[in-house]
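Engineer: In order, the protein sequence lines correspond to chains A and B. Position one of the first sequence corresponds to residue 63 (my numbering), numbered consecutively onward. Position one of the second sequence corresponds to residue 242 (my numbering), numbered consecutively onward. Dumping the structure here so I can ask a few things about it.
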Amino acid sequence: MKTLNHDIWVFGDYRNYFQNRVTLQLLARAGELAPKTGGSICAIVFGYDVGEYVAEYIAHGAEKVYVVDHPQLKQYSIEAYTGLMERLVEAHRPEILLIGATCFGKEYAPKVAKRLKTGLSADCIDLDINKDGLMIQTSPSFGGNLIAEILTPNNKPQVATVRAGTFQEIPHNADAKGEIISMSIPDDLPMERVRLIRSERLPKKGHKIEDTSVVICGGRGMGSKQKFKKIFELAHLMDGEVGATRPVVHAGWSGPNTLVGQAGRQISPKILISFGISGAIQHTAALGDADFIIAVNKNPNATMMKMADVAVVADANQACLAIIKAIKEKIQI
Amino acid sequence: MLNLVVCIKQVPIVSELPWDSKTGTLRRELAEGMMNPSCKHALEAALQLADQHNGKITVFSMGPLMAEEVLYEAVAMGADRGVLLTDKRMAGADTHITSLILARAIKKKCPDFDLVLCGDQTSDSETAQVGPQLAEELGIPGVANAEKLDLATHALCLERQTDDFLEILEMDLPGLVTISPHYYVPRHVSLGGVQQAFDYPNVDTLGADDLGLDPGLVALKHSPTKIIRVYSPSTEKENIVLKGAVKRIVNELFTRFGDRIGGAMSKDLKTHDHP
């Protein structure tokens with residue numbers, strides 16, 4: 063029998079949906095962890111006119127959705143959302159609360175954890191349940207050079223923020239059924255001490271490298287800015303995204319939005335093809351979740367070659383051309 | 242007069258990190274330290290506000306004794322005084338306990354503060370949690386990742402980028418901001434300047450008892466989170482090596498792994514070449 067107090071809650075961070083898919087990824091992981099805690103998979107949604115997100119979360123695995131739908135919550139408000147989560151958690155005592163490590167989530171989770179006098183781990187790149195039923199929170203530090211496994215043994219809920227791209231969402235199932243628990247907004251929510259004066263969407267950066275299943279990464283070994291264009295061609299051909307190392311971005315061969323390995327850009331593609339990258343730790347720390355890595359480098363001893371599933375010892379530029387040619391021939395029309 | 246508080250942290254410079262394998266925490270007393278880069282940006286923001294509004298700045302840091310170095314550096318940059326929070330019982334504090342101790346110290350030494358500034362994250366543990374948790378602990382509003390600050394009467398106007406949005410916010414004072422490194426550029430301080438700061442000491446040191454912390458408090462034990470294991474990311478894989486002529490190895494690549502490559506692209510690839 064399922065008991066309420068072992069539930070796994072996932073905060074519904076729907077801003078920038080469809081691009082932002084971290085909530086769906088966390089629901090998928092919650093679904094894998096729930097049998098070990100013996101609880102239900104729950105999504106928590108605050109906002110106004112959020113019915114479509116509620117339906118989306120149910121279609122992606124939420125068994126229960128707690129909803130506070132009110133015009134006052136139309137905009138993301140950290141103060142109101144913190145107060146609401148505090149009350150909701152105190153009323154239902156879930157075992158675990160997961161929050162996507164978006165900018166909002168990383169500001170929100172510390173406040174929620176503090177109010178609830180519980181622990182919090184940041185930017186997790188894995189979650190599991192140990193034999194005592196506690197959540198192992200795997201959190202990177204020192205730019206990914208060290209990984210810590212963290213427990214919150216004595217406080218509830220166990221709270222973690224999790225990087226986008228760490229887990230894979232389950233497919234949309236329109237027939238999935240979930241219970242929707244609607245709650246009214248409390249009368250005594252405190253006055254907003256932080257007020258949004260103006261908000262505008264920043265220019266679009268295109269498809270997000272964190273969420274794509276094919277990433278083509280290039281390093282200085284590609285040779286020149288001109289030759290680096292082949293990386294873009296291959297990425298386009300494979301319907302993937304371009305990734306680049308810091309030296310390449312500094313040299314202006316590729317834009318800053320393609321940088322992989324700094325500022326928490328963790329990628330988790332199904333396939334990563336890496337050309338001419340030796341494998342500085344700042345870069346490789348972001349690649350741990352790639353399903354399958356093909357690395358191309360003249361130097362068979364490069365770190366990137368050692369961590370690859372397939373290491374192709376060849377000139378990066380020539381191999382890139384040959385792979386483009388092969389794919390063009392092999393795509394069945 | 243504007244009463245500003247800046248919280249800074251000393252972080253290790255070295256790439257060789259001395260870890261205590263028993264507790265899973267960094268043995269900070271063995272590492273070479275520097276002021277966390279993002280904290281420097283926060284201090285610069287405070288210095289500019291202080292210049293514009295006749296402010297005074299108190300800088301707090303929690304850590305081992307050697308962390309006083311970054312407080313002297315802060316004084317050399319222009320802060321009015323520093324407060325070091327150091328005590329064996331504070332060692333191993335997670336963000337929950339750290340923010341609790343910082344809040345105690347701020348209430349004791351600067352009860353009439355207007356604004357607390359922190360870096361947006363540290364280069365060592367990278368949680369970005371202490372700032373928001375300190376705001377909670379102090380019972381004041383907080384905004385993370387602020388870029389440009391403008392002070393009005395009883396409110397702070399600030400700009401920030403968050404999740405693909407540019408936001409202009411207004412926050413009541415007293416309040417707390419964490420500063421993103423994009424707007425304020427820290428001023429340079431010569432070694433001589435730091436030396437001078439050491440010659441005219443205005444750095445106080447407080448321990449757990451001075452702060453009236455629970456005498457039974459042992460930060461490592463009372464932190465809600467426990468580090469159970471620390472390791473370097475492993476790179477264990479089957480690691481198949483292909484070498485030879487480029488054309489041949491690319492052919493082999495697709496013969497052996499074409500399904501995998503096609504699968505990721507959601508396309509069927511012809512994996513076998515025609516004769």
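For each residue, glycine too, the CB sits at the ideal point set by N, CA and C. All of these numbers come straight from a predicted model, not from anything done at the bench.
#1: Locate the beta strand (DSSP E) running through F498/B, then write down its first and last residues.
#2: Quick one, which residues of the region 182-196 of chain A are near chain B if we go by CB-CB under 8 Å, in chain order?
#3: Should S279/B be flagged as near chain A, meaning a C-beta pair shorter than 9 Å?
#4: Is there contact here, the region 168-184 of chain A with the region 135-150 of chain A, by at least three beta-carbon pairs under 8 Å?
#5: Can you give, in chain order, each stretch of the beta strand (DSSP E) that sits fully within the region 326-408 of chain B and has at least 3 residues?
#6: Do you know offhand how far D353/B's Cα is from N244/B's?
#7: How would you call L189/A, buried or exposed, if buried means at least 16 neighbouring beta carbons within 10 angstroms?
#8: Could you round the C-beta distance between R255/A and D413/B to whole angstroms and report it? I think they count as a contact, below 8 Å.
#9: So the beta strand (DSSP E) A285/A belongs to, where does it begin and stop?
#10: Nearest to F337/A by alpha carbon, out of A163/A, D353/A, V310/A, A348/A?
#11: Can you find a CB in chain B that lies within less than 9 Å of the CB of R83/A?
#12: Relative to the alpha-carbon of I310/B, which residue among Q251/B, T339/B, T336/B has its alpha-carbon at the smallest distance?
#13: Between the region 348-355 of chain A and the region 364-371 of chain A, can you find at least three pairs of beta-carbon atoms closer than 8 Å?
#14: Hey, could you find the ends of the alpha helix (DSSP H) A313/A is sitting in?
#15: Taking the beta strand (DSSP E) that I243/A belongs to, which residues open and close that run?
#16: Does the CB of Q370/B have a neighbour CB from chain A at under 9 Å?
#17: For a contact meaning CB atoms closer than 8 Å, what does N319/A contact in chain B?
#18: Express the C-alpha separation of F108/A and P133/A in angstroms, rounding to a whole number.
#19: For Y472/B, which residues in chain A fall below 9 Å Cβ to Cβ?
#20: Unbroken beta strand (DSSP E) runs of length 3 or more, entirely within the region 112-142 of chain A: which are they?
#21: Count the other CB atoms within 10 Å of the CB of G195/A; is the residue buried (16 or more) or exposed (fewer)?
#22: Which residues share a DSSP beta bridge with L410/B?
#23: Which same chain residues, not among the five before or five after G323/B, have their C-beta less than 8 Å away from its C-beta?
#24: Counting Cβ pairs, one atom from each stretch, are 3 or more of them under 8 Å apart for the region 330-349 of chain B and the region 369-379 of chain B?
#25: How far does the beta strand (DSSP E) with Y472/B in it extend, from its first residue to its last?
#26: Just to confirm, are D404/B and T164/A a CB contact at a threshold of 9 Å?
#27: Would you kindly check if the distance between the Cβ of V375/A and the Cβ of V224/A is under 9 Å?
#28: Whole-angstrom Cβ separation of E410/A and C104/A, contact assumed at under 8 Å?
#29: Could you check which residue in V482/B, D361/B, G274/B, I469/B has the C-alpha nearest to that of Q402/B?
#30: Based on Cα-Cα distance, which residue from T320/A, W315/A, L296/A lies nearest to A388/A?
#31: By the criterion of Cβ-Cβ separation under 8 Å, what are the contact partners of D371/A in chain B?
#32: Could you tell me which chain B residues have their CB closer than 9 Å to the CB of V375/A, listed as they occur along the chain?
#33: At a CB-CB cut-off below 9 Å, which residues of chain B make contact with V256/A?
#34: Just the chain A side, please: which residues come within less than 7 Å of D328/B by C-beta, in chain order?
#35: Quick one, are the C-beta atoms of G319/B and R470/B less than 9 Å apart?
Structural biologist: Considering the structure as presented:
#1: On the second sequence, residue 498/B is found 257 positions in, with the first residue counted as 1. Looking at the DSSP string, F498/B is not in any beta strand (DSSP E); the run it does join, the alpha helix (DSSP H), is 487-506.
#2: Cβ contacts with chain B: L182, S183, A184, D185.
#3: The residue given as residue 279/B occupies position 38 in the second sequence. No, because no Cβ of chain A sits closer than 9 Å to the Cβ of S279/B.
#4: The region 168-184 of chain A is in contact with the region 135-150 of chain A.
#5: Here the runs fully enclosed are 356-360, 383-393, 396-403.
#6: The residue you call residue 353/B lines up with position 112 of the second sequence. The residue you call residue 244/B lines up with position 3 of the second sequence. Distance between the alpha carbons of D353/B and N244/B is about 7 Å.
#7: Within the first sequence, numbered from 1, the residue matching residue 189/A stands at position 127. Classification of L189/A: buried, given that the 10 Å Cβ count is 16 or more.
#8: In the first sequence, the residue the question calls residue 255/A occupies position 193. In the second sequence, the residue the question calls residue 413/B occupies position 172. Correct: roughly 4 Å between the Cβ atoms.
#9: By 1-based counting over the first sequence, the position of residue 285/A is 223. Residue identity differs from the one stated: residue 285/A is Gly in this sequence, not Ala. No beta strand (DSSP E) contains G285/A, which DSSP labels as neither H nor E.
#10: Translated into the one-based positions of the first sequence, residue 337/A becomes position 275. Checked all of A163/A, D353/A, V310/A, A348/A; the closest Cα to F337/A is V310/A.
#11: As a working note, residue 83/A is residue 21 in the first sequence. With 9 Å as the cut-off, R83/A does not count as an interface residue toward chain B.
#12: Taking the first residue of the second sequence as position 1, residue 310/B is located at position 69. Checking the sequence shown, residue 310/B turns out to be Glu, not Ile. The shortest Cα separation from E310/B among Q251/B, T339/B, T336/B belongs to Q251/B.
#13: Yes, the region 364-371 of chain A touches the region 348-355 of chain A.
#14: Here residue 313/A refers to the residue found at position 251 when the first sequence is read from its first residue. It is not in any alpha helix (DSSP H) - A313/A carries neither H nor E in the DSSP assignment.
#15: As a first step, residue 243/A must be located in the first sequence, where it is residue number 181. Run containing I243/A: 241-245, per the beta strand (DSSP E) assignment.
#16: Residue numbering aside, residue 370/B sits at position 129 when the second sequence is read from its first letter. With 9 Å as the cut-off, Q370/B counts as an interface residue toward chain A.
#17: On the first sequence, residue 319/A is found 257 positions in, with the first residue counted as 1. Correct list: empty, because the minimum Cβ distance to chain B is about 11 Å.
#18: Locating residue 133/A in the first sequence gives position 71, where the first residue counts as 1. Locating residue 108/A in the first sequence gives position 46, where the first residue counts as 1. Answer to the nearest angstrom: the Cα atoms are 10 Å apart.
#19: Mapped onto the second sequence, residue 472/B falls at position 231. In chain order, L208, I209, A210, E211 make up the part of chain A whose C-beta sits under 9 Å from the C-beta of Y472/B.
#20: Within the region 112-142 of chain A, complete beta strand (DSSP E) segments of at least 3 residues are found at 126-131, given in chain order.
#21: Your numbering for residue 195/A matches position 133 in the first sequence. Result: exposed.
#22: Here residue 410/B corresponds to residue number 169 of the second sequence, with the count starting at 1. L410/B has L258/A, L399/B as its beta-bridge partners, per DSSP.
#23: Looking up residue 323/B in the second sequence gives position 82. Cβ neighbours of G323/B beyond the five flanking positions: T299, V300, F301, S302, E309, L312, Y313, A315, V316, N443, V444, D445.
#24: Under the 8 Å Cβ criterion, the region 330-349 of chain B counts as touching the region 369-379 of chain B, having at least three qualifying pairs.
#25: On the second sequence, position 231 is the one that residue 472/B refers to. Per DSSP, Y472/B is one residue of the beta strand (DSSP E) stretching across 467-472.
#26: By one-based count along the second sequence, residue 404/B stands at place 163. By one-based count along the first sequence, residue 164/A stands at place 102. A distance below 9 Å separates the beta carbons of D404/B and T164/A.
#27: The count along the first sequence starts at 1 and reaches residue 224/A at position 162. The count along the first sequence starts at 1 and reaches residue 375/A at position 313. Remark: C-beta atoms of V224/A and V375/A do not approach each other more closely than 9 Å.
#28: No statement about residue 410/A is possible, as the shown extent of chain A runs from 63 to 395 and does not include it.
#29: Counting from 1 along the second sequence, the entry for residue 402/B is found at position 161. Ranking V482/B, D361/B, G274/B, I469/B by Cα distance to Q402/B puts D361/B first.
#30: Translated into the one-based positions of the first sequence, residue 388/A becomes position 326. For A388/A, the nearest C-alpha among the options comes from L296/A.
#31: Numbered from 1 along the first sequence, position 309 holds the residue referred to as residue 371/A. By Cβ distance, chain B contributes K478, E479, N480, I481.
#32: Along the first sequence, read from residue 1 onward, the residue named residue 375/A stands at position 313. V482, L483, K484, G485, I490, listed in chain order.
#33: As a first step, residue 256/A is located in the first sequence; it is residue number 194 there, counting from the start. The answer, in chain order, is P382, G383, V384, L410, E411, M412, D413, G416.
#34: Taking the first residue of the second sequence as 1, we reach residue 328/B at position 87. Within 7 Å Cβ-Cβ: nothing; D328/B doesn't reach chain A, min ~21 Å.
#35: In the second sequence, residue 319/B corresponds to position 78, counting from 1. In the second sequence, residue 470/B corresponds to position 229, counting from 1. Between G319/B and R470/B, the C-beta gap is not smaller than 9 Å, which leaves the two residues out of contact.
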